[in-house]
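Student: Going line by line, the protein sequences match chains A and B. Under my numbering, think of the first position of the first sequence as 1, with each following residue one higher. Under my numbering, think of the first position of the second sequence as 1001, with each following residue one higher. Yeah, the Cβ is synthetic: ideal placement off N, Cα and C, and Gly gets one too.
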Amino acid sequence: MAIIIDENTHVIVQGISGKQGLFHTQQMLAYGTKIVAGTSASKGGTTLEGIPVYDNVRTACANHTIDASVIFIPANGAKDAALEALEAGIKVVVVVTEHIPVHDEMAVVAYAKRVGAMVIGPNTFGIVSSGKCKMGIPPNPFFIPGSVGVVARSGTLTYEIVGNLTAQGIGQSTVVGMGGDRVVGLTFVDVLKEFEADPETKAVVLIGEIGGNAEEEASQYIREMTKPVVAYIAGKSAPAGKRMGHAGAIIERGKGTYQGKVNALTEAGVKVAELPFEVAEIIKDVLGR
Amino acid sequence: MKMFEYMGKEVFAQFGLPVPKGRMVKSPDEAAQVAAEIGGPVVIKSQVLSGKRGKAGGIKFADNPEGAKAAAEELLGMTIQGLPVEILLVEEKLLIDKELYLSITIDGAAKKPVLIASAHGGMEIEEVAEEYMIKKHIEVELGMQDFIARDVVRRMGISFNSPHSQALVKLMNTLYKIFTEKDAELVEINPLVLSGDKVIAADAKVTIDDEALYRQPDLPRVEERTATEKAAHDLGLAFVELDGDIGVMANGAGITMGTLDTLTYYGGKPANFLDAGGGTGEEGTAKALELILARKPKSIIINIFGGITRCDDVARAFASVKKKMGMPVPVVIRLVGTNQEAGRAILKEVGIEAYDFMQDAAKKAVELANQKSEVGGQRSEGRGRKAEARGQRSERF
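And the structure:
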């Protein structure tokens, strides 16, 4: 078991022939991801890395069973690519691309909701069900199978913390990157619910950062969870950030500070690590190892 | 990208959203000329990208062109929250019956636009009590519709039969159109003025999504960043100056914050925040190091956990920069992730042993920074200590 993707997930890579698309296709194949097809506007009808390449997602879907898509299309075409995958009926769409206009992100997330699909990202490292399937860009050797679920907003900080877990011999069920942008497909709560329901996951690591109120909202749900949650919030020492105009400040109204997040999580029973590497130590305690 | 008020109003006017008569000027003589064209009392407004302009005395009134000229002379010498006033907007003075508030922005948690309205406009919106604010989320696939606007107008306490009702409904539709077509993150009118039977946008605050500027060629560009920040941004680097003495370069906002947190925890003081993002090449790395060195740090930590960033690219760039520019301060590098072995081999060639763990690298960077500050503090032993410090340096390289 794992959440969202596993060893039976059949994956398509959109933008398989680009520099990033091809490099990370090789890496994903090396990790064991079952990539069954790719799309490329210029290389349809060929094969790359032994993977058949199609002009569009619909044609690929007519020839293969496809469960999930990972998108390596530049920002100005990413909305189109994500909508194409969703319209073709794919239920898990991972958008790695960064710098996508926020109005495009809102359009993709709204359509995904209507068709009952899940969008991971945009601006995400992706998702890894350790030892089973990797969709996205994390470095392979640091993700080993185990019982800790990880959910994060930030990519490299996730590698940092997962790297520490792995160095201590603590494996992960699934590691989910929600994406660093203001509008993304998933919330912490969406992912925490999946972990709570997954029999393989014994504990959860939540990696947050200052700004917004995603961690505060997560803390409300965590009160109901039976599984222990350990958190790290980046940005304790960061100077106060720029506000998004007056109206943005209204929505946040005093939320988004480091201390506010730590308080909300602590009150919900979460153990909050002060530094990234302490997460692995606390997880060891929590799992009784 | 924040736009000046006069630019926002130009966009409003293009879409047929009513704004006061007037235009932007850069000199007292021009201000007098515009006042003469308007032919009545005018308001002269400083154009700066900062709120609280009124409280800072950045807005003046005049009854005639001579008065407008005098007011402009005063305003053009001012600074508001550190920003010099270089541009003014001269407009007709409105007869105000009532001031409303209206904005559309993005609610990241709800993942959709939200319209915020209040019958209590004109003041700082943060000071308006929650119960006087109307918030209405807009479904992206539905967009703004008359029924939504009518409901908001009614909840503001404005009767359907009032002369303003239809104008407000139309205005909300137009504002949403501007919000979507111009890729705005925020369109705000405060105050939205009821004047006679007219509804007029007396102010305009418009922020455009930076990521969408490529498809908004018609919008004017406003540069808010310092030259250094802009140079960094153009190379895909996010750079913020801090007041410590340890230079920091990492890849990814989260790990950069984590690096600052860790340095601070071990008693260090970061000199900057520099997120080199994914896939920064040689030019970017050179520029990043240049920016860091300009802060005159006592040590530098480079913390890379490569995903889309490839360790060998970072190592190659660093080695090349070091050969070309030299390195006046000790550098501690933590390098793991994609193509890690190749990257470490390249660093070894220039005499650097990369660290495995961030906390170890951070401790070392703090130690080096503190060690060097002792050198300055103890002059009698200066030479010996300096030689030691140099030894430290050559050991690391």
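(1) Can you check DSSP and say which residues form a bridge with B/LYS1339?
(2) Can you give me the C-alpha to C-alpha distance between B/LYS1026 and B/GLY1108, rounded to a whole angstrom?
(3) Do the segment 66-82 of chain A and the segment 4-17 of chain A touch if we need at least three Cβ pairs shorter than 8 Å?
(4) Going by beta carbon distance, what residues of the same chain come within less than 6 Å of A/ALA273, once the five residues before and after it are set aside?
(5) Kindly say whether B/TYR1006, judged by its beta-carbon, lies nearer than 9 Å to any beta-carbon of chain A.
(6) For the alpha helix (DSSP H) holding A/LYS284, just list the boundary residues, first then last.
(7) Determine the extent of the alpha helix (DSSP H) in which B/VAL1048 is found, giving its start and end residues.
(8) Starting from A/MET28 and walking both ways along the alpha helix (DSSP H), at which residues does that stretch end?
(9) According to DSSP, is B/PHE1273 helix, strand or coil?
(10) For A/LEU275 and chain B, any beta-carbon pair shorter than 9 Å?
(11) So is B/ARG1053 buried or exposed if we call it buried at 16+ other beta carbons inside 10 Å?
(12) Determine which residues share a DSSP beta bridge with B/PHE1160 and list them.
(13) Within the segment 156-185 of chain A, note down every full beta strand (DSSP E) run reaching 3 residues or more, in order along the chain.
(14) Select from B/ALA1117, B/ILE1200, B/LEU1089 the residue whose C-alpha is nearest the C-alpha of B/THR1097.
(15) Can you tell me the Cα-Cα spacing of B/GLU1349 and B/LYS1324, whole angstroms?
(16) Any beta carbon of chain D sitting closer than 9 Å to that of B/GLY1337?
(17) Across which residues does DSSP place B/PRO1018 in a beta bridge pair?
(18) Is the Cβ of A/PRO145 closer than 9 Å to any Cβ of chain B?
(19) Sorted by chain position, which residues of the same chain lie with C-beta nearer than 8 Å to B/ALA1184's C-beta, five sequence neighbours on each side aside?
(20) What residue from A/HIS64, A/ASN123, A/GLU7 has the CA that sits closest to B/GLU1211's CA?
(21) Got a sec? Which residues, its chain only, sit under 6 Å from B/ALA1110 by beta carbon, not counting five neighbours each side?
(22) Here's the rule: buried if 16 or more other CB atoms are within 10 angstroms of the residue's CB, otherwise exposed. What is A/SER299?
(23) Could you tell me how far apart the beta carbons of B/ALA1336 and A/GLY163 are, in whole angstroms, since I believe they sit closer than 8 Å?
(24) Using a threshold of 9 Å, state whether the C-beta atoms of A/VAL230 and A/VAL191 are closer than that.
(25) I want to see whether chain A comes within less than 9 Å of B/GLN1047, judged by CB atoms only; does it?
(26) Between the alpha carbons of B/ALA1068 and B/VAL1048, how many angstroms are there, rounded?
(27) Strictly by DSSP, which residues pair up with B/GLY1306?
(28) Indicate the three-state DSSP secondary structure (helix, strand or coil) for B/SER1320 in the structure shown.
(29) B/PRO1191 and B/ALA1202: beta carbons closer than 9 Å?
(30) Is the Cβ-Cβ distance between B/TYR1101 and B/GLY1082 less than 9 Å?
(31) What's the C-alpha gap between A/LEU48 and A/ASN56?
(32) Tell me which same chain residues have a C-beta within less than 8 Å of the C-beta of B/TYR1132, skipping the five on either side of it?
(33) So with CB distances below 7 Å, who are the chain A contacts of B/MET1257?
(34) Smallest Cα separation from B/ILE1371: which of B/PRO1163, B/GLY1268, B/GLN1359?
(35) Leaving out the 5 sequence neighbours to the left and right, which residues in its chain are closer than 6 Å to A/TYR31 when beta-carbon positions are compared?
(36) Report the rounded CA-to-CA distance for B/ASN1161 versus B/MET1172, giving the unit in angstroms.
Tutor: Quick look at the numbers:
(1) The sequence given here places Asn at residue 1339 of chain B; Lys does not occur at that position. According to DSSP, B/ASN1339 bridges with nothing at all.
(2) Spanning the two alpha carbons is a distance of roughly 38 Å.
(3) Enough Cβ pairs lie closer than 8 Å, so yes.
(4) Answer for A/ALA273: TYR232, VAL279, ILE282, listed in chain order.
(5) No, B/TYR1006 lies away from the interface with chain A (no Cβ there is under 9 Å from its Cβ).
(6) Following the DSSP letters along the chain, one finds A/LYS284 inside the alpha helix (DSSP H) bounded by residues 278-286.
(7) Unbroken run through B/VAL1048: none, as it is neither H nor E.
(8) Where A/MET28 is concerned, the enclosing alpha helix (DSSP H) starts and stops at 19-31.
(9) Three-state result, B/PHE1273: strand.
(10) Among the residues facing chain B, A/LEU275 is included, as its CB has a counterpart in that chain under 9 Å away.
(11) By the 10 Å Cβ count, B/ARG1053 comes out buried.
(12) For B/PHE1160, which the question treats as bridged, DSSP gives no partner whatsoever.
(13) Fully enclosed beta strand (DSSP E) runs of 3 or longer: 172-177.
(14) A quick correction: the sequence has Asp, not Thr, at residue 1097 of chain B. Closest option to B/ASP1097, Cα to Cα, is B/ILE1200.
(15) Distance between B/GLU1349 and B/LYS1324, taken at the CA atoms: about 15 Å.
(16) Any reference to chain D falls outside this structure, whose protein chains are A and B.
(17) None, per the DSSP bridge assignment.
(18) No - not a single Cβ of chain B is within 9 Å of the one on A/PRO145.
(19) Result list for B/ALA1184: ILE1104, ILE1178, VAL1206, THR1207, ILE1208, ASP1209, in chain order.
(20) With distances taken between Cα atoms, B/GLU1211 lies closest to A/ASN123.
(21) Hits under 6 Å: HIS1137.
(22) The structure shown has nothing for residue 299 of chain A, since chain A only spans 1 to 289.
(23) Note that residue 1336 of chain B is Val in the sequence shown, not Ala. With 8 Å as the limit, B/VAL1336 and A/GLY163 qualify as a contact, their Cβ atoms being about 7 Å apart.
(24) Cβ distance not < 9 Å, so A/VAL230 and A/VAL191 don't count as in contact.
(25) Not one chain A Cβ lies under 9 Å of B/GLN1047.
(26) So the alpha carbons of these two residues sit roughly 19 Å apart.
(27) Paired residue(s): B/GLY1337.
(28) If DSSP states are grouped into helix, strand and coil, B/SER1320 belongs with the helices.
(29) Yes; because the gap between Cβ atoms is below 9 Å, this pair is in contact.
(30) In this structure, B/GLY1082 does not lie closer than 9 Å to B/TYR1101 by Cβ.
(31) Between A/LEU48 and A/ASN56, the C-alpha separation is close to 15 Å.
(32) Non-local beta-carbon contacts of B/TYR1132 in its own chain, meaning distances under 8 Å to residues more than five positions away in sequence, involve SER1118, ALA1119, HIS1120 in chain order.
(33) Simply GLU209, ALA234, GLY235, ALA238.
(34) According to the sequence as given, residue 1371 of chain B is Gln; it is not Ile. Answer by Cα proximity: B/GLY1268.
(35) These residues qualify, in order along the chain: LYS134, ASN140.
(36) One alpha carbon belongs to B/ASN1161, the other to B/MET1172, and they sit about 17 Å apart.
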